[in-house]
Structure formats: C-alpha cells, structure tokens
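Novice: In our numbering, the protein residues as written are 20 to 296. Cβ coordinates follow ideal geometry from the N, Cα and C atoms, glycine included. Small disclaimer: the values here were computed from a predicted structure and weren't measured.
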Amino acid sequence: MASRVKFENSCEVGVFARLTNAYCLVPPGASEGFYSVLDAELAGAVPVVRTSVAGTRIVGRLCVGNNRGLLLPHTATDQEIQHLRNSLPDEVVVKCVDERLSALGNCIACNDYVALTHPDLDKETEEVISDVLGVEVFRQTIAGNILVGSYCTFTNKGGLVSQLLTSEVISSRVESATAGRPETLSIIMQVHPQTSVEDLDELSTLLQVPLVAGTVNRGSDVISAGIAVNDFTAFCGSDTTATEVSVVESVFRLRDPRPGAVGSDVRNSMVQDFFRN
Numbered sequence: 020m021a022s023r024v025k026f027e028n029s030c031e032v033g034v035f036a037r038l039t040n041a042y043c044l045v046p047p048g049a050s051e052g053f054y055s056v057l058d059a060e061l062a063g064a065v066p067v068v069r070t071s072v073a074g075t076r077i078v079g080r081l082c083v084g085n086n087r088g089l090l091l092p093h094t095a096t097d098q099e100i101q102h103l104r105n106s107l108p109d110e111v112v113v114k115c116v117d118e119r120l121s122a123l124g125n126c127i128a129c130n131d132y133v134a135l136t137h138p139d140l141d142k143e144t145e146e147v148i149s150d151v152l153g154v155e156v157f158r159q160t161i162a163g164n165i166l167v168g169s170y171c172t173f174t175n176k177g178g179l180v181s182q183l184l185t186s187e188v189i190s191s192r193v194e195s196a197t198a199g200r201p202e203t204l205s206i207i208m209q210v211h212p213q214t215s216v217e218d219l220d221e222l223s224t225l226l227q228v229p230l231v232a233g234t235v236n237r238g239s240d241v242i243s244a245g246i247a248v249n250d251f252t253a254f255c256g257s258d259t260t261a262t263e264v265s266v267v268e269s270v271f272r273l274r275d276p277r278p279g280a281v282g283s284d285v286r287n288s289m290v291q292d293f294f295r296n
C-alpha cells in the first residue's frame, strides 16, 4: 500500500529518503511521526537507517542504490561511509563515486536491472553504476530534461515518468536494452497526464508495456521528490491526492502482488479519469 507522510514540514519525502528492497535511508531530525510510519510499514522487511550524506539531510537527492549496492557522492564523509557499511546488509556494496555531478539521486534512476542516467556523467561513473548496482546503464533525457533521477522513478514492478519520452529515443533504448534480455523493460512507465491517448497507445505498442498517467503532491511533475517506493510499499508526500495515491498503488502493483496485476483495462480507466479531470 501507499502511505502519505511528511518529513518535518516538507511533503517532498523523496528528497530526504532513499528506499530500496534491501534498505531505507532517512536523515536524522525531529520528525517522529515520519519515522514511526516508516518503521511500521517496513518492520522486519528492510532496515531503516538514520544517516546524513555529505553532512546534509537531503539523503534521497545525494545517493542512489538498489538491492545490490549504494552509491554515495565523493563528498560523503568517512564516518558516514563506515556507518552505512556497518548498518546495511552485508551483501549491499557501499561505494563513493568520484563524479562532479554529486547529486546522484537527481542524475540517476534505477531498479534492480536497469539504470537511466544523466547524459553527462563520466564514463567511469557509468562503469561504477554497472558494476556496483549490477544494472544495464542507459544515458537518457526525459522530454529533453537531463535530470532523469528527478523526473522519473521506477521499481521492478512499475514506474512513474513525469514527461513524455520521444518515440525515437524510446525506440533506440528498447532495441539495445532488450537485446538478449527482454525483461529489462518489463516495467510499467507512467507519463505526463497531458500526453494524448494516441501517444500513450503508440508508446505502449512500441514498448510492449502498459502506460498510465499521473503525478504526486497535487500535480507535481518532480516525481522522485514526492515519493519513496520499492516493490512492496510506497511513501508519498502529504500533499498527494487520493487519486494520485490510487494511481501509485496501481502502477507499482502495491494492491495486488500477482504478476501482471496491472493490465490494459486498469491503464485505460486511469487514463480516461485523468483526461476527464
């Protein structure tokens, strides 16, 4: 299920938290309600670790990871690195990245199989992402926006993308990403609600995945700032509407654990709802 929360006075929970299937990172602070909700939802599933990154509390924007690893900016301190290595499961590799674009959470979006990255990341950074996270890496923009980590988020079950990718870019990515491993893109992507039904159908045919429309925090396009999500739960900003929560629960398959629970009938009904509003 999806819960609505805020960190202190901010509804941008994805700025402060980083959630994967193996761990949840949150900053220290005076937000006991926030911590109690996360502890209750994640108890026994993944450890909730309180930490700063580079001496700041914007943990979700500065780091990125999945169930295999965690990447930190070069500005992370030795104490933070050691604390995380001691606190996370043994199989999770913690590594600093010597990358000038240090807000890794803004520049990278990933699940356990694929990562989309800022086009200007260093080649060495791309190799580290592939090695540590065990993913295929694709340099990408979203409607011309280079901050892919800000404008999309996806798990192994589904995804939200705030702007429409051009069909040419998607086509080239599909051809390369699905070569030898078609499950790479067996995720559900969510595109901007202003996208036409024709565009949605075209992309759905191209990618062979259902596409639905939605936002978080009452219409915000900065998807990853307003949500922290993994394969079994999601935490949305407190401004997220009931309709947006419903879409999140459906697209990420948080209501029904069965494979393929989100189908074309669900996609069509949600698309129609958004175009009527």
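Ends of the beta strand (DSSP E) at Val180?
Specialist: Gly178 to Val180
Novice: Residues in the same chain with beta-carbon distance under 8 Å from Asp58, minus the five sequence neighbours each way, listed in chain order, please.
Specialist: Val67
Novice: If you scan the region 118-173 from start to end, which runs of the alpha helix (DSSP H) of 4 or more residues do you find wholly inside it?
Specialist: 123-126, 142-152 and 167-170
Novice: State the Cα-Cα distance for the pair Val34 and Val83, rounded to the nearest angstrom.
Specialist: 12 Å
Novice: Please determine, among Leu107, Gly178 and Val32, the residue with the shortest C-alpha to C-alpha distance to Arg80.
Specialist: Val32
Novice: Closer than 6 Å by C-beta to Gln159: which residues in its own chain qualify, once you throw out the five before and the five after it? Chain order, please.
Specialist: Leu135 and Val167
Novice: What's the gap between the Cα of Val45 and the Cα of Arg37?
Specialist: 7 Å
Novice: Could you tell me whether the Cβ atoms of Pro92 and Leu61 are closer together than 9 Å?
Specialist: no
Novice: Any idea if Arg272 is buried or exposed, counting beta-carbon neighbours within 10 angstroms, 16 or more meaning buried?
Specialist: buried
Novice: Using beta-carbon positions only, say whether Asn105 and Asn40 come within less than 9 Å of one another.
Specialist: The answer is no: Cβ separation not under 9 Å.
Novice: State yes or no: is the C-beta of Ile77 within less than 9 Å of the C-beta of Cys126?
Specialist: no
Novice: In terms of alpha-carbon separation, which member of Pro47, Gly88 and Val65 lies closest to Thr75?
Specialist: Pro47
Novice: What's the gap between the Cα of Asn236 and the Cα of Cys255?
Specialist: Cα to Cα, the separation comes out at about 8 Å.
Novice: Got a sec, what are the start and stop residues for the alpha helix (DSSP H) Phe35 sits in?
Specialist: Val32 to Phe35
Novice: Would you kindly check if the distance between the Cβ of Ala21 and the Cβ of Val241 is under 9 Å?
Specialist: no
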